[in-house]
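Participant:
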Amino acid sequence: MRSPLFSRRRSLRAGAAIAAATLCGSLLAACGGDQDDVPGADGKPVTLTFWGWAKGTREVVADFNASHPDIRVTFEEIPSGNAGGYAKITNAVKAGNAPDVFNIEYPQLPDFVSQGAVQDISDLVDDGLKGTYLPQAAELTSLGGRTWALPLDVAPQTFFYRKDLFEKAGVTVPRTWDEFRDAAKKLKAAQPKTRIATFFPDDPTTFEAMAWQNGARWFTTEGDAWKVNLKGPETGKAADYWQKMVDDDLVQVQPSFSQQWTASLQKGETAGYLGASWGAGVLKANLGSAPGMDGNWAVAPIPTWNGQPASGMLGGTTFAVSKNSKKAEAAVEFATWATTTPEGMKARIDSGTSSSYPAATALLPVAKKAFDTTFYGGQDIYGVYAEAAESIKPGWTWGPVMGVTNGSLKDSFGKVAGKTGTIQDALTTAQQATLDEFKNRGLKVAP
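Per our numbering, residue 300 is the first one in the sequence shown, and the count goes up by one each step.
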């Protein structure tokens with residue numbers, strides 16, 4: 300039996316069409332493609348192509364296919380976005396052979412929308428469906444009053460740490476960034492090769508989450524124009540803090556998720572990881588077989604400036620429909636199942652590789668029950684996630700050219716690692732690169 304969503308005939312009201320046209324023509328310059336009214340009307344299963352990299356996705360697709368005889372999803376695992384996945388998707392869109400649906404992280408969604416790579420799915424997403432997601436997640440998938448993707452997870456910041464190394468050095472879990480710096484000094488003094496965490500020169504999103512946590516707003520809108528501010532005082536405070544941590548050799552400086560980083564964790568030369576909710580699955584997958592790891596890791600709230608709970612988001616994944624797909628209804632049905640049903644969430648977490656915090660908050664008990672926390676000594680890590688999710692600072696907006704913004708930051712952060720540049724320098728360069736790309740794309744910028 301077809302679901303109500305799948306059997307609904309797509310119709311555009313005049314007002315919605317005008318709103319979408321306004322959005323396409325001014326703020327974001329993006330449009331979606333036309334749709335077939337009833338995909339699969341010939342009685343044959345609709346075949347969807349799907350590209351993604353999120354942990355547990357293969358298992359999700361297998362369970363969906365087993366329970367949905369009228370839709371067949373063909374999944375291709377591609378590199379994570381920053382490792383080449385976004386370039387692959389972009390090239391496929393340009394060539395006209397993009398998959399029907401693909402994963403995009405929140406920071407990159409506005410970029411894909413601004414380039415017209417994804418469809419406006421507003422007419423397939425009613426208020427009831429939107430209401431199942433955490434407001435911060437729904438907000439990040441809406442641009443210009445239209446819906447462009449469905450959120451899979453939210454990714455509040457968390458701090459993963461080695462309990463045994465902390466205890467050996469007499470270090471308590473830091474609640475503030477001042478305490479974090481003091482803890483870093485104690486760890487280094489007790490174990491000269493050990494550092495409390497890592498500055499990732501190849502991954503600006505970790506720093507961006509720090510700025511978000513401190514109340515920065517890099518991108519805002521004023522009418523149909525954008526305002527860009529990577530140099531505000533909230534960002535500057537975070538930049539100065541992390542610059543001093545690097546200069547004083549209190550953190551490792553290593554590429555994210557590299558063999559070097561993993562080896563450092565295995566050898567106890569890195570005692571913590573400033574990540575997000577999905578990081579529990581990453582650590583478990585990378586370190587679970589290494590001696591001395593099982594049961595020694597724990598999860599704590601991210602330190603804050605004043606000790607009060609506050610978080611940004613580090614990553615987080617959405618499902619978007621490519622601009623040329625003629626199967627948007629089926630694609631949204633699949634994405635809805637994957638993001639809002641107990642079966643979809645259980646399949647992902649049961650894979651043993653994912654610790655996603657569901658954007659559909661009603662699924663929290665499902666995720667909590669499915670994730671094996673033996674690696675974390677049986678700790679209720681989803682309880683930590685839940686508190687962190689509630690503390691995500693509202694009002695953050697990702698810009699429409701984040702590929703350029705992050706590319707510039709990544710290039711300049713390499714100079715931070717080589718001590719030939721600073722984080723503040725990187726922000727200045729990225730601000731200008733971002734404004735230049737706005738001009739290149741004909742996007743309005745407010746003075």
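Note that CB positions come from ideal geometry on N, CA and C, so glycine has one too. Predicted model, so just to flag it, every value in this text is computed and none were measured.
Reducing DSSP to helix, strand and coil, say where ALA579 ends up.
Facilitator: Correct three-state label for ALA579: helix.
Participant: Give the C-beta separation of TRP350 and TRP476 to the nearest angstrom, bearing in mind that I take them to be a contact with Cβ-Cβ under 8 Å.
Facilitator: About 38 Å separates the two Cβ atoms, so there is no contact after all.
Participant: Could you pull the DSSP bridge partners for LYS526 from this structure?
Facilitator: Answer by DSSP bridge pairing, in chain order: THR519.
Participant: Using the C-alpha atoms, what's the distance from LEU486 back to VAL631?
Facilitator: In a straight line, the C-alpha of VAL631 is about 49 Å away from that of LEU486.
Participant: In three-state terms, what does DSSP make of THR440?
Facilitator: Of the three classes helix, strand and coil, the one that applies to THR440 here is coil, per DSSP.
Participant: What's the call for ASN739, buried or exposed, on a 16-neighbour Cβ count within 10 Å?
Facilitator: ASN739 is exposed by the Cβ-count criterion.
Participant: Quick one: residues in its chain with C-beta nearer than 6 Å to the C-beta of VAL472, no 5 flanking neighbours on either side, listed in chain order?
Facilitator: The residues are ALA599.
Participant: Looking at the unbroken alpha helix (DSSP H) that takes in ASN705, where does it start and where does it end?
Facilitator: Counting along the chain, the alpha helix (DSSP H) containing ASN705 begins and ends at 701 to 716.
Participant: CB-CB under 7 Å to ALA627, same chain, minus the five flanking residues each way: which ones, in chain order?
Facilitator: Cβ within range, chain order: GLN334, GLN418, ILE420, LEU423, VAL620.
Participant: Exposed or buried, VAL665, counting other C-beta atoms within 10 Å across all chains shown (16 or more means buried)?
Facilitator: Buried is the call here.
Participant: Let me check understanding here. Comparing Cα to Cα, which of THR497, ARG461, GLY578, LEU573 lies closest to TYR681?
Facilitator: Nearest C-alpha to TYR681: GLY578.
Participant: Just to confirm, is the Cβ distance from ASP399 to SER624 under 8 Å?
Facilitator: It is a contact, given that the beta carbons lie within the stated cut-off.
Participant: Mind checking PRO746: buried by the 16 CB within 10 Å criterion, or exposed?
Facilitator: PRO746 comes out exposed.
Participant: How about GLN512 and ALA386: do their beta carbons lie closer than 8 Å?
Facilitator: Their beta carbons are not under 8 Å apart, which means GLN512 does not touch ALA386 by this criterion.
Participant: Compute the Euclidean distance between the alpha carbons of THR673 and LYS667, then round it to the nearest angstrom.
Facilitator: Approximately 13 Å between the Cα atoms of the pair.
Participant: Just to confirm, is the Cβ distance from PHE458 to PRO602 under 8 Å?
Facilitator: The answer is yes: Cβ separation under 8 Å.
Participant: Leaving aside the five residues before and after GLY531 along the sequence, list all residues of the same chain whose C-beta is less than 6 Å from its C-beta, in chain order.
Facilitator: Within the same chain, GLY531 has close Cβ partners ALA515.
Participant: Between GLU736, THR719, SER707, which lies nearest to ASP747 when the distance is taken from Cα to Cα?
Facilitator: Nothing can be reported for residue 747, as the shown portion of the chain is limited to 300 through 746.
Participant: Could you give the distance in angstroms between the alpha-carbon of PHE401 and the alpha-carbon of ARG371?
Facilitator: Looking at the two C-alpha atoms, the distance is approximately 15 Å.
Participant: Using only the alpha-carbon positions, how far apart do ALA570 and ILE495 sit?
Facilitator: Approximately 5 Å, taken between the alpha carbons.
Participant: On a Cα-Cα basis, can you pick out the residue from LYS566, GLY615, GLY591, THR534 that is closest to GLY574?
Facilitator: Out of LYS566, GLY615, GLY591, THR534, GLY615 has the C-alpha closest to the C-alpha of GLY574.
Participant: Bridge partners of ASP452, per DSSP?
Facilitator: BP columns for ASP452 point to PRO657.
Participant: Taking ALA483 as the reference, which of SER655, ARG461, LYS429 has the closest Cα?
Facilitator: Selected option, being the one with the closest Cα: ARG461.
Participant: Could you tell me which of LYS343, LEU347, THR348, VAL359 sits nearest to ASP649, measuring between CA atoms?
Facilitator: Cα-wise, what sits closest to ASP649 is VAL359.
Participant: Pull up the distance between the alpha-carbon of ALA716 and that of PRO368, whole angstroms please.
Facilitator: Their backbone Cα atoms lie some 52 Å apart in a straight line.
Participant: Going by the beta-carbon positions, is the gap between SER653 and LEU451 smaller than 8 Å?
Facilitator: No, they are not a contact pair.
Participant: Confirm, please, whether the CB-CB distance from LEU549 to LEU564 is below 8 Å.
Facilitator: Cβ distance not < 8 Å, so LEU564 and LEU549 don't count as in contact.
Participant: Does the beta-carbon of GLU375 have 16 or more other beta-carbons within 10 angstroms, so that it is buried, or is it exposed?
Facilitator: GLU375 comes out exposed.
Participant: Could you check if ASP481 belongs to the surroundings of the ligand ADP, using beta carbon to heavy atom distance under 7 Å?
Facilitator: Absence of the ligand ADP is noted for the structure shown, with no ligands found whatsoever.
Participant: Rank THR519, SER588, ALA629, ARG357 by C-alpha distance to the C-alpha of THR346 and give the top, closest one.
Facilitator: Nearest option by C-alpha distance: ALA629.
Participant: Which value, in whole angstroms, describes the spacing of the CA atoms of PHE498 and LEU428?
Facilitator: Straight-line Cα distance between these residues: approximately 38 Å.
Participant: Helix or strand or just coil, what does DSSP make of HIS367?
Facilitator: It is coil, neither helix nor strand.
Participant: In terms of alpha-carbon separation, which member of ASP426, ASN396, GLN435, SER441 lies closest to SER413?
Facilitator: For the residues ASP426, ASN396, GLN435, SER441, the minimum Cα distance to SER413 belongs to SER441.
Participant: Inspect the beta-carbon positions of GLN542 and THR721 and report whether they are closer than 8 Å.
Facilitator: Result yes, Cβ atoms of GLN542 and THR721 sit closer than 8 Å.
Participant: Could you tell me the distance, in whole angstroms, from the CA atom of THR431 to the CA atom of PHE618?
Facilitator: Approximately 15 Å, taken between the alpha carbons.
Participant: Going by DSSP in three states, LEU433 sits in which element: helix, strand or coil?
Facilitator: LEU433: coil per DSSP, three-state reduction.
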